[in-house]
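S.K.: Here the protein sequences come in this chain order: A and B. 18 is the number of the first residue of the first sequence in this note's numbering; add one for each residue after it. -6 is the number of the first residue of the second sequence in this note's numbering; add one for each residue after it. Ideal placement from N, C-alpha and C gives every residue a C-beta, glycine not left out. All of these numbers come straight from a predicted model, not from anything done at the bench.
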Amino acid sequence: MYDAVVIGAGPAGYVSAIKMAHLGLKVAVVEKEHAGGTCTNKGCIPTKALLVSSHMYHEAKNKAKRLGVNVQGVSYDFKAIRSHMQRAINTSRKGVEYLFKKNGIDYVKAEARIEKPGVVRAGDQTLQTRAILIATGSKPTIFPPFDQVEGIWTSDDVFKAEALPESILIVGGGVIGVEMGAFMGMLGAEVHIVEIMDHILPGEDQDIADVVKKSLTAIGVKIYESSKVTKVEKRGEAFVATIETPKETFDLRVSRVLLSVGRRPNIGEDVKELGIAVEKGIVTDDHLRTSVEGIYAAGDVRAKIMLAHVGFHEGIVVAYNIKGQEKKVDLSVVPSVIYTSPEVSSVGIREKDMDGERHGVAKFPVAASGRAAAMGEREGFAKVIYEKDTGRVVGFSMVGPFASELVMEAAVAIKHGLTVEQLASTIHPHPTISETLLGAFEQAEGKAIHL
Amino acid sequence: MRKVVDGKIWVEVAEPVLVGVTKDFLEEIGDVTYVGFQKSAGDTVNKGDVIVSLETVKAAEEVVCPVSGKIVEVNKDLENDPEKLNEDPESVWLVKIEAAKEELESL
Ligand SMILES: Cc1cc2nc3c(=O)[nH]c(=O)nc-3n(C[C@H](O)[C@H](O)[C@H](O)COP(=O)(O)OP(=O)(O)OC[C@H]3O[C@@H](n4cnc5c(N)ncnc54)[C@H](O)[C@@H]3O)c2cc1C
Chain A
18 MYDAVVIGAG PAGYVSAIKM AHLGLKVAVV EKEHAGGTCT NKGCIPTKAL LVSSHMYHEA
78 KNKAKRLGVN VQGVSYDFKA IRSHMQRAIN TSRKGVEYLF KKNGIDYVKA EARIEKPGVV
138 RAGDQTLQTR AILIATGSKP TIFPPFDQVE GIWTSDDVFK AEALPESILI VGGGVIGVEM
198 GAFMGMLGAE VHIVEIMDHI LPGEDQDIAD VVKKSLTAIG VKIYESSKVT KVEKRGEAFV
258 ATIETPKETF DLRVSRVLLS VGRRPNIGED VKELGIAVEK GIVTDDHLRT SVEGIYAAGD
318 VRAKIMLAHV GFHEGIVVAY NIKGQEKKVD LSVVPSVIYT SPEVSSVGIR EKDMDGERHG
378 VAKFPVAASG RAAAMGEREG FAKVIYEKDT GRVVGFSMVG PFASELVMEA AVAIKHGLTV
438 EQLASTIHPH PTISETLLGA FEQAEGKAIH L
Chain B
-6 MRKVVDGKIW VEVAEPVLVG VTKDFLEEIG DVTYVGFQKS AGDTVNKGDV IVSLETVKAA
54 EEVVCPVSGK IVEVNKDLEN DPEKLNEDPE SVWLVKIEAA KEELESL
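Rendered as structure tokens:
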């Protein structure tokens, strides 16, 4: 008899299992594919590995000379890029398996099916348990007309590709589409990105997206905003797509089409048969309990914020609740990162969503930073949204070098109610890009010194 | 005959000599995710030279050569399949070395 059986070894499931083991519970994890889930095997880790290669290639080709480094005959080997990616995947996957072993968690490689509360069927085993966690994640969305054409790629297929496509149409300019476009564009593929909203990265502010757009355009990526793909056909080995932009409608011939228009939760028949409430994803209360007693859900399968670190947080919340130590999910401060060059990060309220009466906004450019000058980087800025009457930070966005790592200063501030004065009076090391944040905080206070 | 150096490296005294890592050592450093050979067949090595780097789930460890000599063969299969090493470290060798008798005796 287990205390808990976790279905799915992605970020939500594996973290929950480890936390439960730490809390002294007896746990089994059932996974039908690979430990680490989407994130490790077809998501966060492989995309970042690919982007590191393409970025280095791009810098060697385009930036080294400016820094006084002569590199001749720069080229890339797609197979070797893939092995680098595979090695990163393996390390991450093995790491999760190792933690299962170390924490005495039973790891069952099989497809799981909930027979009833307390009973999970995993291949030919039947597991009896007090509690069940559904952490079955999500998969790429495919809809008409794309589901009718053979050979359309989703992000899953990019990681299996043997070679870089000569040309590619990316449908959807969200985070995944833009990261994939950046990867292939930097390596020299002809990339077209079609986004239905009025700018790429529609979750972010326009000014942030514009910097990314400029950098993508500079590497030759074609971007069509407020546009859509109305038709796609396979012609021989190639695809012909009809693109409708605000200005014109035209046909585009490409060797590949990648659909990156979002993900939908993996909800099995068992969940439906048990009558677990489902809307967009599995419905839970703020303790992450589903509508059926003894069954919890966490991660992408809830279809809330589909990010690995949200899964980590939710997995931990579930572990405490199964242990009997009540804990509520809190998604009020979730940093998000986009690994383009330059990088993008944000947390809390965006400028486009702020309340003009109550909130103020202050910006500081990356170009005013000494470190940026030393790095030969000019693009980007940090932006802080704060409460006018208290000075408390409520939102932050940045595009620029190291944005992925710098977002945490703002996340801590927002989570703990720190003010722009408190942040501005904290000494920031010089020369670092963190001074861009300092500049924005000072600007919010009144006037930045270095502007 | 098998000798163990520092509890980490095993040396199978034969012709050629086989060198591997112990189960205890792998338990300490965690499962291996990548085996990177720093030497190739034909290279001369001195005792103490790094011959292999092991990347594991929580560390990067270097395996140094327990004896001087000439590398006869490296176990290239492990580059693509490090799992073999995790499964059975006590019988999966990393390198084969032609080594001097005297050094082997003093291990
Ligand atoms: C291309 C791409 C890039 C991404 N980049 C980032 C990023 O940089 N940062 C970030 O935070 N997020 C990123 N994400 C999102 C991130 O991968 C997900 O949010 C995260 O993996 C969700 O975790 P999860 O545990 O909910 O589900 P998943 O990771 O999807 O794991 C669910 C697991 O359950 C298993 N499973 C499903 N059904 C069953 C069953 N019946 N029996 C047994 N096992 C089952 C699946 O095989 C899977 O392994 C990216 C996603 C993609 C696609």
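Among B:Lys94, B:Ala93, B:Thr37, B:Asp17, which residue has its Cα nearest to the Cα of B:Glu66?
M.R.: In the second sequence, the residue the question calls residue 66 of chain B occupies position 73. The shortest Cα separation from B:Glu66 among B:Lys94, B:Ala93, B:Thr37, B:Asp17 belongs to B:Thr37.
S.K.: From the DSSP secondary-structure annotation, give me the bridge partner or partners of A:Val361.
M.R.: The residue you call residue 361 of chain A lines up with position 344 of the first sequence. For A:Val361, which the question treats as bridged, DSSP gives the partners A:Ile355, A:Val416.
S.K.: Using the beta-carbon of each residue, which ones in chain A are nearer than 9 angstroms to B:Gly29?
M.R.: Here residue 29 of chain B corresponds to residue number 36 of the second sequence, with the count starting at 1. Residues of chain A passing the Cβ test: none, with the nearest at roughly 10 angstroms.
S.K.: Taking Cβ positions, are B:Asp17 and B:Gly0 nearer each other than 7 angstroms?
M.R.: For the purposes of this step, residue 17 of chain B is taken as the residue at position 24 of the second sequence. For the purposes of this step, residue 0 of chain B is taken as the residue at position 7 of the second sequence. Contact: yes.
S.K.: Can you confirm whether A:Asn87, when its beta carbon is compared against all beta carbons of chain B, has any partner nearer than 7 angstroms?
M.R.: As a position in the first sequence, residue 87 of chain A is number 70, starting the count at 1. No - not a single Cβ of chain B is within 7 angstroms of the one on A:Asn87.
S.K.: Quick one: is the Cβ of A:Glu50 within less than 6 angstroms of any heavy atom of ligand 1?
M.R.: Counted from its first residue, the first sequence places residue 50 of chain A at position 33. Flag set: Cβ of A:Glu50 near ligand 1.
S.K.: Please confirm whether B:Val85 has its beta-carbon closer than 7 angstroms to some beta-carbon of chain A.
M.R.: For the purposes of this step, residue 85 of chain B is taken as residue 92 along the second sequence, with counting starting at 1. Not closer than 7 angstroms to any Cβ of chain A, the Cβ of B:Val85 fails to qualify, so no.
S.K.: Against chain B, does A:Lys111 count as a neighbour if the rule is that its beta carbon must be under 7 angstroms from one of theirs?
M.R.: Along the first sequence, one-based indexing puts residue 111 of chain A at 94. True, the Cβ-Cβ gap to chain B drops below 7 angstroms.
S.K.: Counting only Cβ pairs nearer than 8 angstroms, list the residues of chain A close to B:Thr26.
M.R.: Position 33 of the second sequence holds residue 26 of chain B. What B:Thr26 touches in chain A: Arg104, Asn107, Thr108, Lys111, Gly112.
S.K.: Beta-carbon within less than 7 angstroms of A:Leu144's beta-carbon, same chain only, minus the 5 sequence neighbours each way: which residues are those?
M.R.: If you number the first sequence from 1, residue 144 of chain A lands on position 127. Here the set comprises Tyr19, Val22, Ala45, Val137.
S.K.: For A:Ile322, I'd like the list of residues in its chain whose CB is within less than 7 angstroms of its CB, leaving aside the five on either flank, ordered along the chain.
M.R.: What you label residue 322 of chain A is simply residue 305 of the first sequence in a count that begins at 1. Cβ within range, chain order: Leu348, Val351.
S.K.: What are the residues in the segment 3 to 24 of chain B lying within 7 angstroms of chain A by C-beta distance?
M.R.: Gly23, Asp24
S.K.: Distance check for A:Glu261 and A:Glu396, CA to CA, integer angstroms please.
M.R.: In the first sequence, residue 396 of chain A corresponds to position 379, counting from 1. In the first sequence, residue 261 of chain A corresponds to position 244, counting from 1. Roughly 31 angstroms separates the two Cα atoms.
S.K.: So with CB distances below 8 angstroms, who are the chain B contacts of A:Tyr115?
M.R.: Taking the first sequence and counting its residues from 1, one reaches residue 115 of chain A at position 98. Per Cβ cutoff of 8 angstroms: Gly23, Asp24, Val50, Lys51.
S.K.: Could you name the residues of the same chain whose beta carbon sits closer than 7 angstroms to that of A:Leu116, not counting the 5 residues immediately before and after it, in chain order?
M.R.: Residue numbering aside, residue 116 of chain A sits at position 99 when the first sequence is read from its first letter. If we look at A:Leu116 and ignore the five residues flanking it on each side, its Cβ neighbours are Ile35.
S.K.: Could you tell me the distance, in whole angstroms, from the CA atom of A:Asn87 to the CA atom of B:Val(-2)?
M.R.: Your numbering for residue 87 of chain A matches position 70 in the first sequence. Your numbering for residue -2 of chain B matches position 5 in the second sequence. Rounded to the nearest angstrom, the two C-alpha atoms are 45 angstroms apart.
S.K.: When the Cβ atoms of the segment 360 to 369 of chain A are set against those of the segment 404 to 416 of chain A, are three or more pairs found closer than 8 angstroms?
M.R.: Touching, yes.
S.K.: Is the beta carbon of A:Leu435 less than 7 angstroms from the beta carbon of A:His445?
M.R.: If you number the first sequence from 1, residue 435 of chain A lands on position 418. If you number the first sequence from 1, residue 445 of chain A lands on position 428. The answer is no: Cβ separation not under 7 angstroms.
S.K.: From A:Pro102 to A:Gly408, what does the alpha carbon distance come to, in whole angstroms?
M.R.: Counting from 1 along the first sequence, the entry for residue 102 of chain A is found at position 85. Counting from 1 along the first sequence, the entry for residue 408 of chain A is found at position 391. In the sequence as displayed, the identity of residue 102 of chain A is Met instead of Pro. Looking at the two C-alpha atoms, the distance is approximately 44 angstroms.
S.K.: Classify A:Leu84 as helix, strand or coil using the three-state DSSP reduction.
M.R.: Here residue 84 of chain A refers to the residue found at position 67 of the first sequence. DSSP places A:Leu84 in helix when its eight states are reduced to three.
S.K.: Are the segment 212 to 230 of chain A and the segment 351 to 361 of chain A touching by the rule of at least three beta carbon pairs closer than 8 angstroms?
M.R.: In short, these stretches touch, since the Cβ pair count reaches three.
S.K.: Report the start-end ranges of each alpha helix (DSSP H) in the segment 210 to 297 of chain A that is 4 residues or longer and not cut off at the edges.
M.R.: 223 to 235, 286 to 290
S.K.: Nearest CA to the CA of A:Glu452: which residue from A:Phe381, A:Ile293, A:Met392, A:Ala315?
M.R.: Translated into positions along the first sequence, residue 452 of chain A becomes position 435. Closest option to A:Glu452, Cα to Cα, is A:Phe381.
S.K.: Are A:Ile355 and A:Val378 close, meaning C-beta to C-beta below 7 angstroms?
M.R.: As a first step, residue 355 of chain A must be located in the first sequence, where it is residue number 338. As a first step, residue 378 of chain A must be located in the first sequence, where it is residue number 361. Cβ atoms of A:Ile355 and A:Val378: not closer than 7 angstroms.
S.K.: Jot down the residue ranges of each uninterrupted beta strand (DSSP E) in the segment 18 to 103 of chain A, minimum 3 residues, whole runs only, in chain order.
M.R.: 19 to 24, 44 to 48
S.K.: In the DSSP assignment, find the unbroken beta strand (DSSP E) run with B:Glu91 in it and report its ends.
M.R.: Numbered from 1 along the second sequence, position 98 holds the residue referred to as residue 91 of chain B. 88 to 92 is the span of the beta strand (DSSP E), which, as asked, contains B:Glu91.
S.K.: State the Cα-Cα distance for the pair A:Ser308 and A:Thr301, rounded to the nearest angstrom.
M.R.: As a working mapping, residue 308 of chain A is identified with position 291 in the first sequence. As a working mapping, residue 301 of chain A is identified with position 284 in the first sequence. When rounded, the distance between both Cα atoms is 7 angstroms.
S.K.: Touching or not, the segment 281 to 291 of chain A and the segment 164 to 179 of chain A, by the rule of three or more beta carbon pairs under 8 angstroms?
M.R.: no
S.K.: Between the segment 44 to 60 of chain A and the segment 182 to 189 of chain A, are three or more C-beta pairs nearer than 8 angstroms?
M.R.: no
S.K.: So, is A:Asp303 buried or exposed, given that buried needs 16 or more other C-beta atoms within 10 angstroms?
M.R.: Walking along the first sequence from the start, residue 303 of chain A turns up at place 286. A:Asp303 should be labelled exposed.
S.K.: Three-state secondary structure (DSSP) at A:Gln145?
M.R.: In the first sequence, counting from the first residue as 1, residue 145 of chain A sits at position 128. Correct three-state label for A:Gln145: strand.
S.K.: Quick one: Cα of A:Gly237 to Cα of A:Ala430, how far?
M.R.: Against the first sequence, residue 237 of chain A aligns to sequence position 220. Against the first sequence, residue 430 of chain A aligns to sequence position 413. So the two alpha carbons sit approximately 38 angstroms from each other.
S.K.: Identify every residue that forms a DSSP beta bridge with A:Leu186.
M.R.: Here residue 186 of chain A is taken as the residue at index 169 of the first sequence, counted from 1. In DSSP, A:Leu186 forms a bridge with A:His209, A:Val274.
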